Each structure stands twice: as structure tokens, then as C-alpha cells.
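Residue numbers (this note's numbering): 1 to 1050. The beta carbon of each residue, even a glycine, is placed where N, CA and C say it ideally should be. Keep in mind that this is a model prediction, so the values were computed, not measured.
Set out below in C-alpha cells:
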């Protein structure tokens, strides 16, 4: 059920609260808290409590008889005088059996056991306690608490934090909250969330809490559960985090880590007043939290093997030291999918110092991604080799696609590794660099290349903006490196080097003359030259007097790394040559990593038989997001034609209630830029797009270039279509199939290009229409049946206005055509995954997609089913088969998708066909999402595992592992820098248990064959140590897969 929407009075920025006790509510303390930037105070509710168990004896009076409401009024007056909101902390689910309150409501509060007072197994807080009876709150109890809490709010309380919220039904909370908000709509109602299970949180979603508190104080700065909990809590309400109090490490560093962690982990924070953290730090944090920023999901990359833990909130990143005695280094490869396009900066640091920054022990570092616009129109900036000939050779530049005719693909912040063979005659030392730029930048960025051996060189760079880029490999003879190499060798051998030093000084003087005055390089060169001021001007004389001026210290000064760096900046580049430019297209991260969910909006009504609307889809957004999906994809949502409309199961005769196929686009209500009236209006659709964005979901539309016979284009542009010899309309065909409800446009109809381009521009304008209305992702239906030049033109035209647009090619066709579509611009591509079932088939296909040249331009989308494809494997495999295919899709590629119904294991086929019986393409389909046997929880967990492991957010990094069971697929996937390595095991047998002995990827970690690996079970959250060279694992149809995160033991 969806979270109820309401207008809430929030502060500027985020809630910044102090957890206090009554004794601390003194005027000076309140003034200090306000001066430090806090805007709320949370205090335990006054009243009489049992000293044994802390439960209510009398919630209306203190032990000394004072009225609770009067006490709260005094607190509120003091807080409001400092512009601080007052929140009251309470638990209304427990009452002491020894007090009058439980006796007054004896039917509403249940005894926990006759002998609870004497049971030594029970903690004190559980003895002599009565708790709310049953799943529902008794009307008398609810009315009593409603009146009491309303009185507290009228006395000045601005909010309530409620403990043990799972003990009250969501409907009872909702009635209580509605009653309080009727007269006080701005009250902030909060849930205490630590310890709540996923099922309990799901049941609380309809309650209508405004905030929920998380379990951050129990986090160890590295475990994945924090982000998983945050996602569940955020589905209920914005999250408030309280820091764990530091008890180790340098005090200032430990405070920074603990408090900034709370600031980043939540949507606001709660600071315990007794913590006594530095006030300057509190002010910095509250100033940052006071800035208005959108709510974004918490993304976490766990720190291990010397790496820092990274917390990402949109454009803000916190690098945390996870423990240990050595500094930790951020591994940015682990969060590529979480970062928006832009330039990373270290908060409080110098420009450019973020990349090599290490996190000190028990400390943290803060980073921000400064937004950058997409790449615009190209500016001149080509690099050319000088005319003196290519004495230096550059060849076999990688990566490239078709010798540069098409762009390689990457996403923002992805490290792009460039390699080339570089050599020349003789034994001189070479130097090389990669120059790269966005096409609208005149200035090139430079990255030195490293020599790998055997004439192979390598460098990496990371594009930060969406759009077109290019790179060039440059190489030259490095005269200074050649000189220092010879000088060092001769000096070590005791050979006189005076003449060589004179030659080196000549190079230094020439470089110094070229250096810009005032630069660091000019200073280094000048200081080095000044060491040789006494050298005779004549070479013969200088050599003869070398013993007087050439001591070892001066020779060593010529060999320093600092001087070498200065010379790289300033020396002439002999025989410089360029190879390139090579094109690169950079997408946003969702082009490479996303989880798609497909549904028909018209089938989303909560009751059977009614045509669904966009509002019904909005109601389903929380459920889709809760399963972990990022993209919500709709088949066509446009008006459906009436002429030749198809009936159920694709029958040729449609009844008056048949809804037809959404792919028969066009009717009196409009064409491809119109909305099917039964779904709603364009304004309704825009509300849906915004609601999806608030749930961190992106809407994807189907771009299907096909028309019903009622499409307005047939009336207005009959020359855009084909006709048969007798003048009748040519319907869509895929012999022997014929689609009488669809006609196709003719891309090359007529001889005149102007007439042809009118159709092309109309189709382009359809896509641009939807991009202007917030859609950036398009699944393209059957692109292989339309001309390739058209697609290349259309994608370029759309990208000129919307560079972040994503196009998914739905082409189940010949391999060469599928690859060509990817080369000419399609962002993602459907695959043959659906028909790969055996171990050999899957291993060969995964390897091809990950490790062949295809990986540079072909991003595979693994859909487990579609409205058109009911795979034979799923028709006969039962629930286990659905789990198997979901696990393969989730781990095999960064992109996977499912068509709704998969989560409840729908598989009834048309007899003998790979199609669904009673296909949703032709009728409404109502579903019971909670029917027995569903796999929603398993899908949710798989998506959580994907989100926690960067290796599963890409199609690359695949490595098959030797396995002794042909019914089991074993492989590992890893990020380029090995910051994340996972082992995946999937049984391909849905009917029987299977076991396998699997070879561990010890060589990947540089370990010998009998070494051990730490294995963290990502599905069941268990930890193991595996001793090499092999491990034996068992799988069962109830859980036919496993995923383990591997690491060398620390």
C-alpha cells in the first residue's frame, strides 16, 4: 500500500534535533543549541513510570502529582523562545501492571505472563508489563491516547516520537494521526525504527509517519545493512540518524567520522546532548544540513582490503575509515553507478587533490560532485603529428570500434583504459600520454601513459560529462629521460660524466627559456641551474676542471623526480606523433546499470474488470520501488485504433469491451504524441512522472513505429504509407503472420528526399515531445525492421537536444544486425539470454558479452520474460525456474528486466507456443500480488545484492570458474581494480538439489592455490573462510543460487 501523502511543515533544509533530558532544558543550553544550528529538541515524555520496567503507571501525572500537560507547556515555551521545536518521546504500547493506567484499561492492555515478575529469564523491562492486546488498538485506548496527545500538542508540543510502532496496526496509527492532524496539521509524527523487520516496516507504510529513526548507532562503518535498512525506512518516511558515540581513535577525527556519518546517512539527524562534541563541528554539520537538497537514496560501498567505505547521497560523498591502523583509500570504481555527472571535488581541499586523497585512521573525508552540463556542439581542437615523419610508431590503439567509425561507450566517472603499442628505432627512452576532451572543450586534458612491457603502454581517464568525447594517443622521444638514463648508468659504473652533464645543462637552459615565468616548473629549473653557476663556459675547460665543480650531489640533483616532472612540462618533444582522435560516447550511469520493471498501465486497477489509469500506476510505485527497480517501463500508452482491432488472444474479431493491442497506435484522440483517454490525460501522465521521480524511479516509454488504420497520419499524410497493387492498404506482416490492426510507414516512399525527410522529422519530433515532458528512456520496438541510416540520424538529432536520452534496442534478430544497431547509437540492447539455458550456452554467451570486442559498445539487457515471450524453460520449471532465471539475469549483466507477473510465477502458455495464454497485449489482467508462491522477497534481495556490489553493475569482469557439475554455472565478476569481487553459483536444475566443487579465483588476488579467502554470503548475510584451492557448495530448488563477496583475509 502506498504511503499517504500530506502537506507537512518542514524546516529549512533538514531536521537537526537534540536528544535531551528534562534537566538539560535550561535557557542557556537551549540558546547554545539554537546558535549551533539545531531546530528541534527531543525529550522523553514526563509522567509516572514503573521503576522496574519503565512502563506507564500514570501518563497524566508525575510522581509528585504535577500535571504532565502543564510540564510540557513550560518546556514548549522555553524551546519556542529559542525557535526550537519540541518533540516528545514516548511508548504508548506498554503499561505497568502495578499502576492505575493498566488497571483502567485492563481489556486494552494484555498481561505478558502470570509469573513475569519472578521469571529470571526476562529482562527487567519485560516484568510486570501489560502491552497492547491483539493486532488492533481498542477504541477506548485509542480515544484516550488521542485526547491526551492532542492536549500535549495544544500545550505546545510540535512532534511525537513513538516507540515500538510495530505493535500497533497501521490503520490504528492512521486513525490516531488523522485525529491529531485535523486540528494540528503541522505536527511531526515519528517512528522509532531500530530493529524493525522488513515485513513490519511494510505493514507500517500506510500509517502516515512523517519521520523514522534508523539503526546507525549499531553500524560498524562497513556493513551493507545500513543502506538496505535506509531503503526500507525511506519507503515509510524520511530518515533521521543518530551517531554512535566514538570511543576509539584521535578525538577530533573520531567525532568527525561519527557525526558526519549521521549527517550523510539520514535525511536529518539527532544529536545526543551529552556527547560534548566540538561546537564548531556541530555548526558546520548543521549549516550543511540546512541547505536545501533533494532527498536521494543512500548508496554504500563497503570498505575492505585497505579501501574506504563510501556513503553517497546524490552529488555528496562521504569517505569513511572502516577500521584498522592504516589510512584507507577511496575506490571510486565502486560507486560509479551512484554518482551524477560532474567534477569531483574534496570539500575543503584544493582543486584536483581529490583523486589520491587517503582517509586518515578513524576519520572521514567529504567530496562533492560539482554538476556539469552535457557536452554541446564540437569546437575545433584536432591534434596532428608534426611534418617531420613518424619516426615514433603508435599502433593497435585500444579500445576502438571499427577503426574509429563508431564510438566506444562508457558512463560518467568510469575509468576508460587506453592502451597502444609504441616504439621507435634505437634505445632512446620514449614518453607517451593520452589527451582527451569533451568535444565542446577547446583545451585537452593530459594523462601520462605507463610502460607495461613489450612496447605496450597504458593510461586511464574518467569522463565526467554526458555526451561526445574523444581521445588521442601522443608519443615522442623523451630527450631528458634518455639523458638521465644514460647519466645514471654511467655514474653508477664510475665512468666520467662531465661531458654528459654539460649536454644535460644545455637541455635545462633551453627548457628554462621556454618555461612560463612564475610557474613551479620554472622555479625548479632555475634552482637546478643555479647549482651549476660556477661551471666554465667552454666545454673543453669545463671537462678539464670537472673535479672542482662536479661532485656527486650535483649529479644526483639532475636525477630527481621533481626535475623530471618539470622537464616533462617544458622540454621540446622530439619526433612527436599523434594517433587519433578516437570517438567516445559517455552516458549517465543508468545506461549501464539499471533494473527494469515492465507493466501495462491499463491493468493496474486494484479491482478486476476496471480499466486502469495513471493514478492506479502511482499507487503501485511504492511496491515496484520496494522490489528494487529503477526503471518503470510501459508498452505504448497512446490511443488505440478501432478499425481491425484485435480481440483476446489475438483473435480477428473484437467485442465491444475488448481493449485491443496498444501497439495499434492511433485513433480519433491522436497518435504517437497523445494519451489513450482511458488511462488519463497528459497532465495525469506528468503527475505520474513526478511521482515516479519522488520514488527514485524513471519512466521509460515504448517507441513503436507502427500505426493503426485510424492513425491521423493516414488521413494527413497518406504518402507516408505503402499500398498494394489494387490500391488497398499494406498491413504489417512477418510471414506467415499478418497484423491487420497495424500498418507500417514507408521510410523511402517517393523519390524526393524532402518528402522522405518529413516523415523522419515527424518521428524525431515524437521522441523530442516526450523528452520535453520528462521522459529520457525509450525502448524501441523492432528497430531492425527500420533503416539503419534513419536510426543513426534520429539518435543524433535527439541527443543534440537531450544528450542523456537512453535508447533500448528491442531487436531479436541476426547477431550482426544487433551489433550494428548498438554501434550506431543504441544505448542498450536486448540479447539472446532468453534462449541460453545450459551451462555451456550461458558461459559462452556471458564470456562473449563481457570479454570480446562487443563489450566496448554493446550493453546487454537481460529481460527474463516479455509480453511476447513466455520462455519454454519457465513453462515447465515451476517456482525454482523463475528464481534461476532471475539470479542469472541479475548477476550476468548490469541491466536486467522483468515483465509483471514474473514475480508471481505466471507461466500458462498458449499450447505449443512460447507465448502467454490470455496475453495481456489484448486484454486487461488483474493479479493477486500476494498469492502463495510469489518471489517478491527473493527479487528484492537480488536487487539489494546488485546495489551493494559494483561488480554486478556491469556486464564486464566475467570469469568462468571450473566446476565439476554440468548442471551448475559458477563464475566470478570483479571491478577493474578488484575492489569488489563476487562469486556466483546458479543451479540450472529447477527440480533437484545440486552440489558442486568450485575452483576459487585465488590467482585474481595474487594468492597461491592453497590460500584462504573470506566469503560473505550476500543472500543470507553469513560469513565464511574458504580454504583453497576449491570449495564445495550445495544448492536447492528453494534457493537455487548463491552470491558471495570475496576478499583476501585481512
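- Message: Pull the bridge partners of residue 419 from the DSSP assignment, please.
- Response: Within the chain shown, numbered from 1, the residue matching residue 419 stands at position 419. Paired residue(s): 398, 458.
- Message: For residue 984, report the span of its alpha helix (DSSP H) as first-last.
- Response: Start at 1 with the first residue of the chain shown, and residue 984 comes out as number 984. Careful: residue 984 lies outside any alpha helix (DSSP H), inside the beta strand (DSSP E) at 981-987.
- Query: Candidates 159, 229, 390: which alpha carbon is nearest residue 425's?
  - Reply: Start at 1 with the first residue of the chain shown, and residue 425 comes out as number 425. Of 159, 229, 390, the residue nearest in Cα terms is 390.
- Rounded separation between residue 888 and residue 1045 - CA only: Within the chain shown, the letter at position 888 stands for residue 888. Within the chain shown, the letter at position 1045 stands for residue 1045. Roughly 16 Å separates the two Cα atoms.
- Message: Quick check on the burial criterion: 16 or more other C-beta atoms within 10 angstroms. Buried or exposed for residue 442?
- Response: One-based indexing of the chain shown puts residue 442 at position 442. The residue in question, residue 442, is exposed, as its Cβ has fewer than 16 Cβ neighbours within 10 Å.
- Query: Who pairs with residue 1054 in a beta bridge, going by DSSP?
  - Reply: Outside the shown range of the chain, which is 1 to 1050, sits residue 1054, and nothing can be said about it.
- Message: With a threshold of 8 Å, are at least 3 pairs of Cβ atoms found where one atom belongs to the segment 366-380 and the other to the segment 815-824?
- Response: no
- Determine, using beta carbons only, whether residue 159 and residue 87 come nearer to each other than 8 Å. Position 159 of the chain shown, counted from the start, is the residue given in the question as residue 159. Position 87 of the chain shown, counted from the start, is the residue given in the question as residue 87. Yes.
- Give a yes or no on whether the C-beta atoms belonging to residue 173 and residue 207 are separated by under 8 Å. Translated into positions along the chain shown, residue 173 becomes position 173. Translated into positions along the chain shown, residue 207 becomes position 207. Closer than 8 Å, so yes.
- Determine the closest residue to residue 980 out of 307, 295, 106, with distance taken between C-alpha atoms. To locate residue 980, count along the chain shown from 1; it is residue 980. It is 307.
- Excluding the five sequence neighbours on either side, which residues of its own chain have a C-beta within less than 6 Å of the C-beta of residue 20, listed in chain order? By 1-based counting over the chain shown, the position of residue 20 is 20. Cβ within range, chain order: 41, 43, 273.
- For residue 523 and residue 387, the rounded distance between their alpha carbons: Taking the chain shown and counting its residues from 1, one reaches residue 387 at position 387. Taking the chain shown and counting its residues from 1, one reaches residue 523 at position 523. With a pLDDT of 48 at residue 387, under the threshold of 50, the modelled position of this residue cannot be trusted, and the question is left open.
- Query: For the candidate residues 275, 181, 817, whose alpha-carbon lies nearest to that of residue 149?
  - Reply: Residue numbering aside, residue 149 sits at position 149 when the chain shown is read from its first letter. Closest by alpha carbon: 181.
- Item | Nearest-angstrom Cα separation, counted from residue 562 out to residue 481 | Walking along the chain shown from the start, residue 481 turns up at place 481. Walking along the chain shown from the start, residue 562 turns up at place 562. Straight-line Cα distance between these residues: approximately 13 Å.
- Message: Assuming the contact rule is C-beta atoms closer than 8 Å, residue 359 and residue 319 should be a hit. Round their C-beta distance to whole Å, please.
- Response: Position 359 of the chain shown holds residue 359. Position 319 of the chain shown holds residue 319. Their Cβ separation, rounded to whole angstroms, is 5 Å, which keeps residue 359 and residue 319 in contact under 8 Å.
- Report yes if the C-beta distance between residue 874 and residue 907 is below 8 Å; otherwise report no. Within the chain shown, numbered from 1, the residue matching residue 874 stands at position 874. Within the chain shown, numbered from 1, the residue matching residue 907 stands at position 907. For residue 874 and residue 907, yes; Cβs fall inside 8 Å.
- Query: In whole angstroms, what is the alpha-carbon distance linking residue 505 and residue 578?
  - Reply: Position 505 of the chain shown, counting from 1, holds the residue named residue 505. Position 578 of the chain shown, counting from 1, holds the residue named residue 578. Taking the straight line from one Cα to the other gives about 29 Å.
- Would you mind giving the Cβ-Cβ distance between residue 706 and residue 665, rounded to the nearest angstrom? I have them listed as a contact below 8 Å. Here residue 706 refers to the residue found at position 706 when the chain shown is read from its first residue. Here residue 665 refers to the residue found at position 665 when the chain shown is read from its first residue. 6 Å between Cβ atoms; contact.
- Item | Contained beta strand (DSSP E) runs [length at least 3] in the segment 743-802, N- to C-terminal order | 777-781
- Message: By DSSP's criteria, residue 577 is part of a beta bridge. Which residues make up the other side?
- Response: Numbered from its first residue, the chain shown carries residue 577 at position 577. For residue 577, which the question treats as bridged, DSSP gives the partners 475.
- Query: Taking residue 170 as the reference, which of 430, 203, 492 has the closest Cα?
  - Reply: Here residue 170 corresponds to residue number 170 of the chain shown, with the count starting at 1. With distances taken between Cα atoms, residue 170 lies closest to 203.
- Scan the segment 483-550 and note each continuous alpha helix (DSSP H) run of 4 residues or more that stays entirely inside, going in chain order. 498-514, 520-530, 539-544, 546-549
- Can residue 404 and residue 472 be called in contact, C-beta distance under 8 Å? Residue numbering aside, residue 404 sits at position 404 when the chain shown is read from its first letter. Residue numbering aside, residue 472 sits at position 472 when the chain shown is read from its first letter. Cβ distance not < 8 Å, so residue 404 and residue 472 don't count as in contact.
- Task: Select from 234, 623, 590 the residue whose C-alpha is nearest the C-alpha of residue 929.
- Result: Within the chain shown, the letter at position 929 stands for residue 929. Of the candidates 234, 623, 590, the one whose C-alpha sits nearest the C-alpha of residue 929 is 623.
- Put residue 56 into one of helix, strand or coil per three-state DSSP. Counting from one through the chain shown, the residue named residue 56 turns up at place 56. DSSP places residue 56 in strand when its eight states are reduced to three.
- Drop a sphere of 10 angstroms on the beta-carbon of residue 527, count the other beta-carbons inside from all chains shown, and report buried for 16 or more, exposed for fewer. Working through the chain shown from its first residue, we reach residue 527 at position 527. Answer is exposed; the Cβ neighbour count stays below 16.
- If we ignore side chains and look at the alpha-carbon of each, how far apart do residue 238 and residue 214 end up? Position 238 of the chain shown, counted from the first residue, corresponds to residue 238. Position 214 of the chain shown, counted from the first residue, corresponds to residue 214. If I take the Cα positions, the gap works out to 10 Å.
- Task: Would you mind sorting residue 279 into buried or exposed? The rule is 16 or more other CB atoms within 10 Å of its CB.
- Result: In the chain shown, the residue the question calls residue 279 occupies position 279. By the neighbour-count rule (16 or more Cβ atoms within 10 Å), residue 279 is not buried but exposed.
- Enclosing alpha helix (DSSP H) for residue 897 [first to last residue]: As a position in the chain shown, residue 897 is number 897, starting the count at 1. Run containing residue 897: none in the alpha helix (DSSP H); it sits in the beta strand (DSSP E), 895-899.
- Query: Per the contact definition of three or more C-beta pairs closer than 8 Å, is the segment 700-718 in contact with the segment 766-786?
  - Reply: yes
- Message: Can you tell me where the alpha helix (DSSP H) holding residue 79 begins and where it ends?
- Response: Against the chain shown, residue 79 aligns to sequence position 79. Per DSSP, residue 79 belongs to the alpha helix (DSSP H) from 68-81.
- Query: Anyone know if the C-beta pair for residue 741 and residue 661 falls short of 8 Å?
  - Reply: Mapped onto the chain shown, residue 741 falls at position 741. Mapped onto the chain shown, residue 661 falls at position 661. Yes, Cβ-Cβ distance for residue 741 and residue 661 is below 8 Å.
- Message: For residue 630, report the span of its alpha helix (DSSP H) as first-last.
- Response: For the purposes of this step, residue 630 is identified with residue 630 of the chain shown, where counting begins at 1. Where residue 630 is concerned, there is no enclosing alpha helix (DSSP H), given that its DSSP letter is neither H nor E.
- Query: Near residue 597, which residues of its chain fall below 6 Å by C-beta distance, leaving aside the five closest residues on each side in sequence?
  - Reply: The residue labelled residue 597 in the question sits at position 597 within the chain shown. Taken in chain order, the residues that qualify are 624, 629, 632.
- Query: Exposed or buried, residue 971, counting other C-beta atoms within 10 Å across all chains shown (16 or more means buried)?
  - Reply: Numbered from its first residue, the chain shown carries residue 971 at position 971. Counting Cβ neighbours within 10 Å, residue 971 comes out buried, since at least 16 surround it.
- Is the beta carbon of residue 746 less than 8 Å from the beta carbon of residue 728? Locating residue 746 in the chain shown gives position 746, where the first residue counts as 1. Locating residue 728 in the chain shown gives position 728, where the first residue counts as 1. No; because the gap between Cβ atoms is not below 8 Å, this pair is not in contact.
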